[in-house]
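Note that the protein sequences, when read in sequence, are chains A and B. Position 524 of the first sequence, counted from 1, bears residue number 524 in my numbering, the numbering being contiguous throughout. So the mapping is simple: my numbering equals the position in the second sequence, first residue as 1, plus 1000. What follows is a short report on a single structure.
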Amino acid sequence: MSSPVPKSPEQSEKSRKYDRQLRLWGDHGQRLLENSKVCLINATALGTEILKSLILPGVGSFTIVDGEKVTEEDIGCNFFLEYESVGLPRAQIATQCLLELNPDVRGDYIDETAEHILSNTQNFFKNFTLVVATGVSEKVLVTLSKHLWECNVPLLVCRSIGFLGYVRLQIKEHTIIEAHPDSESPDLRLDIPWPALQEYLDGVNIEQLDQKEKNHVPPPVILRYYLNKYKESHEGKLPEKRVEKEALKQMIRDSGNSEEGKQRFVLDENFEQAIHYANSCVTTRAVPDHVQVILDDDCCTNLTQSSSSFWIMCAALREMVEAEGALPVRGTLPDMAADTNSYVTLQNIYQKRAQQQVEVIYRRASQIARNLGLSQETITESEVKYFCKHSSELHLIRGTCIADEYQKTNLDLTAYLEDPDSLIFYYVVLRGLERFIGEFNAYPGQFEDQVEPDILKLKGVIGKLLSEWGYSHALREERVYEVCRYGTAELHSVSSILGGCAAQEVIKVITNQYKPLNNIFIYDGINCTSASFCL
Amino acid sequence: MEEFQEGTQKRWIHLRNILERPGPFSRPEYVPSPEILEFLLTSCKVLIIGAGGLGCELLKDLAMMGFRHLHIIDMDVIDLSNLNRQFLFRHKDIGLPKAEVAAKYVNARVQGCQVVPHYCPIQDRSEGFYQQFHVIVCGLDSVPARRWINGMVVSLLCYDEDGVLDQSSVIPLVDGGTEGFKGNARVIVPGVTACIECTLDLYPPQVTYPLCTIANTPRLPEHCIEYVKVAQWPKDNPFGVDLDGDDAQHLTWVHEKAVERATQFNIKGVTYRLVQGVVKNIIPAVASTNAVIAAVCATEVFKIASTSLVPLNNFMIFNDIDGIYTYIYEAERKVDCTVCSNIPQLVTVEDPSKMKLKDLVELLRESPKFQMKSPGLTTTVNGTNKTLYMSTIGAIEKMTKGNLTKSLLELGLKDGQELMVADTTTPNAIIVKLAFKQSDTEMK
Ligand SMILES: [Zn+2]
Chain A
1 MSSPVPKSPE QSEKSRKYDR QLRLWGDHGQ RLLENSKVCL INATALGTEI LKSLILPGVG
61 SFTIVDGEKV TEEDIGCNFF LEYESVGLPR AQIATQCLLE LNPDVRGDYI DETAEHILSN
121 TQNFFKNFTL VVATGVSEKV LVTLSKHLWE CNVPLLVCRS IGFLGYVRLQ IKEHTIIEAH
181 PDSESPDLRL DIPWPALQEY LDGVNIEQLD QKEKNHVPPP VILRYYLNKY KESHEGKLPE
241 KRVEKEALKQ MIRDSGNSEE GKQRFVLDEN FEQAIHYANS CVTTRAVPDH VQVILDDDCC
301 TNLTQSSSSF WIMCAALREM VEAEGALPVR GTLPDMAADT NSYVTLQNIY QKRAQQQVEV
361 IYRRASQIAR NLGLSQETIT ESEVKYFCKH SSELHLIRGT CIADEYQKTN LDLTAYLEDP
421 DSLIFYYVVL RGLERFIGEF NAYPGQFEDQ VEPDILKLKG VIGKLLSEWG YSHALREERV
481 YEVCRYGTAE LHSVSSILGG CAAQEVIKVI TNQYKPLNNI FIYDGINCTS ASFCL
Chain B
1001 MEEFQEGTQK RWIHLRNILE RPGPFSRPEY VPSPEILEFL LTSCKVLIIG AGGLGCELLK
1061 DLAMMGFRHL HIIDMDVIDL SNLNRQFLFR HKDIGLPKAE VAAKYVNARV QGCQVVPHYC
1121 PIQDRSEGFY QQFHVIVCGL DSVPARRWIN GMVVSLLCYD EDGVLDQSSV IPLVDGGTEG
1181 FKGNARVIVP GVTACIECTL DLYPPQVTYP LCTIANTPRL PEHCIEYVKV AQWPKDNPFG
1241 VDLDGDDAQH LTWVHEKAVE RATQFNIKGV TYRLVQGVVK NIIPAVASTN AVIAAVCATE
1301 VFKIASTSLV PLNNFMIFND IDGIYTYIYE AERKVDCTVC SNIPQLVTVE DPSKMKLKDL
1361 VELLRESPKF QMKSPGLTTT VNGTNKTLYM STIGAIEKMT KGNLTKSLLE LGLKDGQELM
1421 VADTTTPNAI IVKLAFKQSD TEMK
C-alpha cells in the first residue's frame, strides 16, 4: 500500500502541505481520507468544529444538511458564521466559511432539515463514507440511526451543552489493520527459528569471540546462544516463568566475568539489551486475542462473493496460523547495539522470511478469491504485504445500533451505575435532556423564569427513563440542576474540545488506522475529565 | 456603558446563562452577575504566546468565549506545512508574520474583538508588558521559551516583608503542548502550584544518536542522515553556510549524501521525508489534537478569568491513539525549584582545586535540574563584579575563554560564593551558591 520512494527528492506541494500528518497516517491513509465523502447534519458550533478538523487535513468532500437560518445566538458560539449572515441559510454560510480553509476540499450544502431528506430522498445518506449528526432530536436520531445501520454507513452523533457533551460512534463492522500500538516488543522467533535464521544464530559461539567481536554481536544472537545453554541444562525446556527468565538473564550477566575471574560490573550495551529482550522475546508471541477473534469470526470462516479483501486475506492468514502456530514474521528489527554488518545481515534474514510469507499468503488469498469467482485484481500483493506487516495489530469492532439504545427498555448500565461519581450519569442526564426537548419542544432552562420548574420536570423525565430501563438509582441532583441552568448554552471552547475528538474518530474510521472509540465518550468540562463506555 | 448593554445581546446568551445563573458546581464564593461578562468584554486582558497550531485555535476559542482584549506574540512567519492545522492562514499568507495574519483574521470575523499582534521574540518584551495581563496562555513547541515565560511570571511575584505572597501580583499561566495524537494542558498559579521548572523532567530530551554509532556502526537510515548532518556538512561545507533545514537545496544535498552513505553500508530506507524529519527534528502534528488541547486551555482561561469554576488542578493529559483517553493529576511543586522556590541553588563541589570552570558550565548545561543552554556566569570578588564566562557576546567570550580551564580556586572563588547565572531559559539571572566539600583545601 505504501507508495514507492520517488526517484527525485522533489516533493509535491500537497505532500509538503500535509507533511506533519503524513508522518502519522502515511500516504495510504491520506489517500483514503482524500477519497472520502462526509455528511454533516446541522451546522452547529460543534458541527463546524468537527468539519474544520476534517477539512484542514484534506477530507475529499463534505455536504452540510441544515434547514435552519443563521441566528444571533449562532454567531455567539459558531466561528464559521458571519455577523452579516443572520437570517440566511446556516448550511450555505457555514459551507462558504469552511471551504475557505482548504482549496483541495469540495463542499456543498442542502438547505433542508435531515428529517425532510429522510422522508423525501430515499438514498441520500447512502452515498457517504460517514455521516456526522449534531443537535438532532431524539426522533430524527432514531430514524437516521436505523437507516444508516441498514445501509452500513457509519454514524457519529455528538452533543455539546454547557460544559458537557458526548461523542457516540455507531458502526456495524470496522476493521483496523494498523492500530499503531504505543510500544511493541520485537518479533524475533528465537524459539522457533527457520533454517536460515537458525544457521545464522547458531553459527556464533559467543564464548569464543574476542572482546572486540563480542561487543559487535547483535543481542538476538547473544540471547539465542544463552537460550540454547539454558535448554541444555533444563531438559530442553524454554524459560517461561519469571524465575526461569531470571535464571537465563543471570547466565547472560555472568558472561561479563572476565577470564581472570574479576567481576566486570559493566556489561556491553548489546549484552544489556539481550537481557532486556529476555523478558518478552524468548518465546514467540501467541496470536493476540484480538487477532484470534478475527480469525475465528464467521466472516473469515464463511467467505462469500461479497467478502471484502480484508476477510479474504484473513482467511489466508488463518490457514498459515493453523499450519505454523504463529502469525507471519513482522520482518523489521528495532535498532540494537551491533556492528553494521551483523545488524544488516540479521535484518535481511528477517525481511526475506517476511517476504516469503507475504508471497505464500498472497498466492493463497488470490486462489481463494478465484475460487469465490472474484476477479484477479481483488487482492494486490502490496495490500497483502501491508496486511502481513501489521497482522499482530488487526482489530475488529462490531458496534451497536443507536436506535436500539433509544427504543430498548432494558439498556444494561448496571456495571456502570454502581459508582455514583461515574460520568455515565451524565449520559443518563443528557438522554433525559433529549427526551425533555422532544416532549416540551424547548430546552430545560431555556426561559429565564422556567429554570426552577424545569428542574422538576427534567428530574421526572430522567426518573421515568431509569425506571424504563429497570433502575431505581437516585441521580445526584446537582447534575440535573447544572444541565437546567445551561438552557440552550453551547460553549464554544467545549464544542471545540468535542469537535476535535469527534473529527479524529472520523479520520480513524476512514483510514482504518488507530482504534476508534467503542462506543461513547462523555466529556465533563467542569472537572476536565472524561470517560468512555460501551453501550 | 455601551459595552455593558452589548452584553445583553442575544449572541451572548450562551455565556450569560453560564455566568449569570447560580450553578451547583460553581465556586462557593462566586456571585453570578452580568458584571462578569462585562469584565470579560471590556477589561480582561489575555496574552497568547505562539500563533501556531495551538495559538490559532486559542485565539479563536478565546475570542468566541467573550475575551476581546487579546494580545498574541509570535516571531515566526507562515510556512506551507502550517496550513494543515493553522486554520487562520491561507496559501497567499505564506511568508507573512503569523501573529499579524491571525490577529487580522479574527478581528474581521468576531465583531468587537481587538486582537493586538506582536511579531517578535518573547524576550523582546519587558516586565511591564507582561504585567498588564490577567492571564497568559502558551501554545508553544519550544521548551526554552516555556521556561523563559515561566521565569517571567514568577519574577513578577511580590512578597511582603513576612514573605507572604501578594495575590494581585499573580498572573496565572495556562500551558498546552501537543505531539501527534498526544497532548497536555496545565494550569500554573505562580508561587502556588508547580511551575514549568518544578516539572522539567516531564519534557523528554530530544532524540540524539551517539556519535560513535553514527560514525562507526550505523544501522538505521537515521544514523546515515545524522552523520551527514553533523560530520559531512561541516567538513564539506557545500554552500558555505550553516545547514538550513528549510532550504530545499540543502536538504537535497543531505539526502544525496545520506543515500550514498546508506548504500555503502547496505542500509535501506533513506527517503527525502525522513531526511527532513531528522534534520529539522520534525514533530508530527494534526489539526484535531491542537483543537482539543487549545480548547481545554481556553476553557481553563475562562474559568480563571470569570472565577466561576475552580480551574484544573493542575495537569491533564490527552491521547486518542486508542479510543479517547484523558487523565488529570496534580503535579507537585519542587521545594528547591530553581525558579519558584526562593531558595538559592546549592552546587556541591567535591574539590575546588580540581573542578574547572568549564566543568561547572557543563554541570549547568547537563544536570537535569538546570538544563541550561549557554550559561553566563558573573560574581563578586573582593567587592568588584567579575565576569567569569559568557559565551553569548563575542568580545566577552574571547576575554573570558581563558577562565574555562582554570580551577574554581584559581579563580578566587570561595565556599558559599554566590554566582549569578544568566541563560536563555530564564529572563532573570539565577543565583547559584557554591558549597565546597573540602573547604580546608582553600588555603592551599
Ligand atoms: Zn517551580
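All C-beta atoms in this analysis are idealised placements derived from N, C-alpha and C, irrespective of residue type, glycine included.
Short Cβ contact (7 Å threshold) for residue i with residue j
{"i": "GLY1055 (chain B)", "j": "GLY1139 (chain B)", "result": "yes"}
{"i": "GLU49 (chain A)", "j": "SER342 (chain A)", "result": "no"}
{"i": "THR1392 (chain B)", "j": "THR1378 (chain B)", "result": "no"}
{"i": "PHE425 (chain A)", "j": "ARG479 (chain A)", "result": "yes"}
{"i": "LYS1406 (chain B)", "j": "LEU1357 (chain B)", "result": "yes"}
{"i": "LEU1346 (chain B)", "j": "LYS1235 (chain B)", "result": "no"}
{"i": "LEU101 (chain A)", "j": "ILE64 (chain A)", "result": "no"}
{"i": "PRO195 (chain A)", "j": "TYR277 (chain A)", "result": "no"}
Euclidean distance between Cα positions of residue i and residue j
{"i": "GLU448 (chain A)", "j": "GLU73 (chain A)", "result": "16 Å"}
{"i": "GLY331 (chain A)", "j": "PRO1375 (chain B)", "result": "46 Å"}
{"i": "MET1 (chain A)", "j": "GLU13 (chain A)", "result": "Unreliable placement is indicated for MET1 (chain A), whose pLDDT of 40 sits below 50; no coordinate value is reported for it."}
{"i": "PRO444 (chain A)", "j": "GLY432 (chain A)", "result": "10 Å"}
{"i": "ASP404 (chain A)", "j": "VAL142 (chain A)", "result": "8 Å"}
{"i": "PRO6 (chain A)", "j": "TYR1272 (chain B)", "result": "Its pLDDT being 44, under 50, PRO6 (chain A) is placed unreliably in this model, and the coordinates cannot settle the point."}
{"i": "LYS1268 (chain B)", "j": "ASP1076 (chain B)", "result": "35 Å"}
{"i": "SER530 (chain A)", "j": "GLY165 (chain A)", "result": "10 Å"}
{"i": "GLN351 (chain A)", "j": "LEU197 (chain A)", "result": "11 Å"}
{"i": "LEU56 (chain A)", "j": "ARG1085 (chain B)", "result": "6 Å"}
{"i": "GLU490 (chain A)", "j": "GLU418 (chain A)", "result": "30 Å"}
{"i": "CYS299 (chain A)", "j": "HIS147 (chain A)", "result": "23 Å"}
{"i": "THR345 (chain A)", "j": "VAL204 (chain A)", "result": "13 Å"}
{"i": "GLN1206 (chain B)", "j": "HIS1255 (chain B)", "result": "22 Å"}
Cβ-based burial, residue i [other Cβ within 10 Å; buried from 16]
{"i": "GLY47 (chain A)", "result": "buried"}
{"i": "VAL358 (chain A)", "result": "buried"}
{"i": "GLY162 (chain A)", "result": "buried"}
{"i": "THR1289 (chain B)", "result": "buried"}
{"i": "HIS1091 (chain B)", "result": "exposed"}
{"i": "ASN1266 (chain B)", "result": "exposed"}
{"i": "PHE1089 (chain B)", "result": "buried"}
{"i": "TYR18 (chain A)", "result": "buried"}
{"i": "PHE521 (chain A)", "result": "buried"}
{"i": "GLN1132 (chain B)", "result": "exposed"}
{"i": "SER307 (chain A)", "result": "buried"}
{"i": "ILE1049 (chain B)", "result": "buried"}
{"i": "ALA474 (chain A)", "result": "exposed"}
{"i": "CYS534 (chain A)", "result": "exposed"}
{"i": "THR414 (chain A)", "result": "exposed"}
{"i": "PHE967 (chain B)", "result": "With chain B represented from 1001 up to 1444, any question about residue 967 (chain B) goes unanswered, as that position is not in the structure."}
Anticipated Cβ contact below 8 Å, residue i with residue j, distance rounded
{"i": "TRP1012 (chain B)", "j": "GLY76 (chain A)", "result": "6 Å"}
{"i": "VAL1292 (chain B)", "j": "GLY1183 (chain B)", "result": "6 Å"}
{"i": "THR1338 (chain B)", "j": "ILE1430 (chain B)", "result": "6 Å"}
{"i": "ILE176 (chain A)", "j": "PRO154 (chain A)", "result": "In fact, because the Cβ distance is near 13 Å, the residues do not count as touching under 8 Å."}
{"i": "PRO1427 (chain B)", "j": "MET1152 (chain B)", "result": "5 Å"}
{"i": "VAL1286 (chain B)", "j": "LEU24 (chain A)", "result": "6 Å"}
{"i": "ALA1102 (chain B)", "j": "ILE1072 (chain B)", "result": "6 Å"}
{"i": "LEU1059 (chain B)", "j": "LEU1047 (chain B)", "result": "With a Cβ gap of about 11 Å, LEU1059 (chain B) and LEU1047 (chain B) do not count as contacting."}
{"i": "TRP1233 (chain B)", "j": "LEU1243 (chain B)", "result": "5 Å"}
Any non-hydrogen atom of ligand 1 closer than 6 Å to residue i Cβ
{"i": "VAL1339 (chain B)", "result": "yes"}
{"i": "GLU1330 (chain B)", "result": "no"}
{"i": "MET1195 (chain B)", "result": "The residue asked about is misnamed: residue 1195 (chain B) is Cys in this sequence, not Met. Answer for CYS1195 (chain B): yes, Cβ within range of ligand 1."}
{"i": "CYS300 (chain A)", "result": "no"}
Chain-ordered chain C contacts of residue i [CB-CB under 8 Å]
{"i": "GLU482 (chain A)", "result": "In the structure shown, chain C does not exist; the protein chains are A and B."}
Near ligand 3: residue i beta-carbon under 6 Å from a heavy atom
{"i": "CYS1198 (chain B)", "result": "Ligand 3 is not among the ligands present in this structure, which contains only ligand 1."}
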